[in-house]
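There are 2 protein chains.
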Amino acid sequence: MSLAAGPACEACPHGVGAAAGAPFTCARRQLGPGQHLFSAGDLAREVIFVRKGALRLYWLLRDGRRRIIGFRGAGEAIIPEEGQQHRFSAQAVTAAEVRAIPLTPFHAAARSNSTVLVGLHRQLARERDAAYELIAILGRHDAEASVAAFLLDLDDRTSSGTPGEWLQLSILRADIADYLGLSHETVSRVLTAFRQRRLIEIARSRQLRLLDRAVLVQIAGKGDVDRKRIGVSA
Amino acid sequence: MSLAAGPACEACPHGVGAAAGAPFTCARRQLGPGQHLFSAGDLAREVIFVRKGALRLYWLLRDGRRRIIGFRGAGEAIIPEEGQQHRFSAQAVTAAEVRAIPLTPFHAAARSNSTVLVGLHRQLARERDAAYELIAILGRHDAEASVAAFLLDLDDRTSSGTPGEWLQLSILRADIADYLGLSHETVSRVLTAFRQRRLIEIARSRQLRLLDRAVLVQIAGKGDVDRKRIGVSA
DNA sequence: CGGGTTATTGAATGATATCAACTTACGTGG
DNA sequence: CCACGTAAGTTGATATCATTCAATAACCCG
Numbered sequence: 039m040s041l042a043a044g045p046a047c048e049a050c051p052h053g054v055g056a057a058a059g060a061p062f063t064c065a066r067r068q069l070g071p072g073q074h075l076f077s078a079g080d081l082a083r084e085v086i087f088v089r090k091g092a093l094r095l096y097w098l099l100r101d102g103r104r105r106i107i108g109f110r111g112a113g114e115a116i117i118p119e120e121g122q123q124h125r126f127s128a129q130a131v132t133a134a135e136v137r138a139i140p141l142t143p144f145h146a147a148a149r150s151n152s153t154v155l156v157g158l159h160r161q162l163a164r165e166r167d168a169a170y171e172l173i174a175i176l177g178r179h180d181a182e183a184s185v186a187a188f189l190l191d192l193d194d195r196t197s198s199g200t201p202g203e204w205l206q207l208s209i210l211r212a213d214i215a216d217y218l219g220l221s222h223e224t225v226s227r228v229l230t231a232f233r234q235r236r237l238i239e240i241a242r243s244r245q246l247r248l249l250d251r252a253v254l255v256q257i258a259g260k261g262d263v264d265r266k267r268i269g270v271s272a
Numbered sequence: 039m040s041l042a043a044g045p046a047c048e049a050c051p052h053g054v055g056a057a058a059g060a061p062f063t064c065a066r067r068q069l070g071p072g073q074h075l076f077s078a079g080d081l082a083r084e085v086i087f088v089r090k091g092a093l094r095l096y097w098l099l100r101d102g103r104r105r106i107i108g109f110r111g112a113g114e115a116i117i118p119e120e121g122q123q124h125r126f127s128a129q130a131v132t133a134a135e136v137r138a139i140p141l142t143p144f145h146a147a148a149r150s151n152s153t154v155l156v157g158l159h160r161q162l163a164r165e166r167d168a169a170y171e172l173i174a175i176l177g178r179h180d181a182e183a184s185v186a187a188f189l190l191d192l193d194d195r196t197s198s199g200t201p202g203e204w205l206q207l208s209i210l211r212a213d214i215a216d217y218l219g220l221s222h223e224t225v226s227r228v229l230t231a232f233r234q235r236r237l238i239e240i241a242r243s244r245q246l247r248l249l250d251r252a253v254l255v256q257i258a259g260k261g262d263v264d265r266k267r268i269g270v271s272a
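Sequence order for the protein chains is X and R.
Taking my numbering, the leading residue of the first sequence gets 39, the next gets one more, and so forth.
Taking my numbering, the leading residue of the second sequence gets 39, the next gets one more, and so forth.
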């Protein structure tokens, strides 16, 4: 994402801090699988940049279910509201490494460095828009469409561009289920159906490859936004 | 919302613009019911503050369905990404009045006025968090919980604090359905069930009053975030 | 190799969508 | 002010799809 690739973290501690005339520490932190970076209710103190591995952001529901809001992989950021409590929990899926910049100096830096400011806004707007995309998926109750959309998104975000590449699915079935609002059995059934239709290939449960992107796009498209009809005016 | 209540609009054109040393026009615009303020794909040029009435923000899906992302009532704002296309459409539900501030001078103002900056961040973070709340609702497939949560939210946002007040439900059943990812028949059935259980009162289809907030909260709670268990750490 | 976790598969239940008929609400013009 | 027509809302019957419960199988780590 733009922020992480920008001066905020790559050049830290000589980037933003220096530019702002207010150098600050950019703590590196290691997380083991399942370890929490923070929990909902904790006071938000830092902006997080994921360097390695992946985190899941989630809520627990009253009935004990887990609602996963999103995942953040290497190069992505987690931006909380200053002075507020975290509204969700962040937990490492795999072993992960993050950098944490205290919020106050970061905001101070953003004020004096418009590159950072614009990046910050863009990141927030993107998180919002990503949430809207997920809403679009969840609204249409169609398991196949949801899973197809998820796989395509995952492929877009993680693959290096080589088509037909193997996806390292560090995420469990239950993660996908909690993200898409489905049961893990349904996710399993859909993946099996896709495999039988030669749309994907699965190796040892956790590695998977998209074989027929076109058809997956079509399946996902059932609940997807119509990018052609969006210009309709009153 | 904080932004609209703050200097950004109330004091316009003598607020932000003046403070930034870069006065700008704050165009007033009137919208009739069903009229579009902008459509998805349009270039985003302005920050919008809703003064009167309500707007719905939505996408059209490929299959012709409409996915409503949210509503914005008086006092709320719509903040797009600078230089980007709008990702959703904004349409007046009722007759509405908005103020539009061009993005570029607004951002310039935000840079030099930290009150505006903080308000801007907060608004973006809130939109994101509101989207997350909706995700929590949509993920749990439970029509009664969804509708109850919607009614409570609507009541919180529109009522002046007087309990048992009549809600002016300018929103149609189909709007609620497209927002919650349900069919309008299901919405109707749930509302009828609530009425029969004396949880709400409906007058002439469009006006409604919450009679038993406690029970509604309980019903909504089925899919709601557990505010007590959120602190669980690994 | 073994024990715990994760994944798959099956059968039955249940909730919501869908299709369809009917009623109510509302604005318009006679 | 009433009659009419259209749009919105309600209600019922049916079908579909995802959940749930349950059992087996694959996987992974020590």
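Cβ atoms here follow ideal geometry from the backbone N, Cα and C, with glycine treated the same way.
Residues bridged to residue i [DSSP beta-bridge criterion]
i: VAL136 (chain X); result: X:ARG67 and X:VAL88
i: PHE76 (chain R); result: R:ALA128
i: TYR96 (chain X); result: X:ILE106 and X:SER127
i: LEU248 (chain R); result: R:ILE238
i: GLY111 (chain X); result: X:ALA92
i: LEU81 (chain R); result: R:GLN123
i: ILE175 (chain X); result: Per DSSP, none; premise fails for ILE175 (chain X).
i: LEU205 (chain R); result: R:LEU246
i: ILE116 (chain X); result: X:ILE86
Cβ of residue i within 8 Å of any chain R Cβ
i: PHE126 (chain X); result: yes
i: HIS179 (chain X); result: yes
i: ARG18 (chain X); result: The structure shown does not extend to residue 18 (chain X), since chain X spans only 39 to 272, so no value can be given for it.
i: VAL253 (chain X); result: no
i: ALA60 (chain X); result: Reliability of the predicted coordinates at ALA60 (chain X) is poor, the pLDDT of 47 falling under 50, and the value obtained from them is presented with this limitation in mind. It does not; no Cβ of chain R falls within 8 Å.
i: ALA169 (chain X); result: yes
i: SER152 (chain X); result: yes
i: GLY91 (chain X); result: no
i: ALA163 (chain X); result: yes
i: ARG105 (chain X); result: yes
i: LEU99 (chain X); result: yes
i: ALA83 (chain X); result: Looking at the sequence itself, residue 83 (chain X) is Arg, so the reference to Ala does not match. Judged by the 8 Å Cβ criterion, ARG83 (chain X) is not in contact with chain R.
i: ILE160 (chain X); result: First, the amino acid is wrong: residue 160 (chain X) is Arg here, not Ile. Yes, its Cβ sits closer than 8 Å to a Cβ of chain R.
i: ARG242 (chain X); result: no
i: ARG166 (chain X); result: yes
Min CB distance residue i to chain X below 8 Å
i: ILE173 (chain R); result: yes
i: ARG233 (chain R); result: no
i: LEU190 (chain R); result: no
i: ARG137 (chain R); result: no
i: GLY157 (chain R); result: no
i: LEU176 (chain R); result: yes
i: ARG149 (chain R); result: yes
i: ILE257 (chain R); result: no
Integer-rounded CB distance, given that residue j should sit under 8 Å from residue i
i: ILE238 (chain X); j: ARG247 (chain X); result: 6 Å
i: ARG166 (chain R); j: LEU162 (chain X); result: 6 Å
i: VAL185 (chain R); j: LEU218 (chain R); result: 7 Å
i: VAL131 (chain R); j: ILE86 (chain R); result: Not confirmed; about 15 Å, so no contact.
i: HIS222 (chain X); j: ALA231 (chain X); result: Rounded, the Cβ-Cβ distance is 15 Å, inconsistent with contact.
i: PRO118 (chain R); j: ALA169 (chain R); result: Not quite, the Cβ-Cβ distance comes to about 15 Å (not below 8 Å), so this is no contact.
i: LEU205 (chain R); j: LEU190 (chain R); result: In fact, because the Cβ distance is near 11 Å, the residues do not count as touching under 8 Å.
i: LEU172 (chain R); j: ILE173 (chain X); result: 6 Å
i: ALA183 (chain X); j: ILE257 (chain X); result: 6 Å
i: ARG242 (chain X); j: ALA138 (chain X); result: ARG242 (chain X) to ALA138 (chain X), Cβ: 34 Å. No contact.
At a Cβ cut of 9 Å, what residues of the stretch 108–120 of chain R count as close to chain X, listed as they run along the chain?
GLY108, ILE117, PRO118, GLU119 and GLU120
Residues from the stretch 193–227 of chain R in contact with chain X, defined by Cβ distance under 7 Å:
GLY219
Can you confirm whether the stretch 145–161 of chain R touches the stretch 75–91 of chain X when touching is taken to mean that 3 or more C-beta pairs between the two stretches lie within less than 8 Å?
no
Counting Cβ pairs, one atom from each stretch, are 3 or more of them under 8 Å apart for the stretch 113–133 of chain X and the stretch 86–94 of chain X?
With three or more CB-CB distances shorter than 8 Å, the stretch 113–133 of chain X counts as touching the stretch 86–94 of chain X.
So, does the stretch 123–137 of chain X touch the stretch 118–134 of chain R, judging by three or more C-beta pairs under 8 Å?
no
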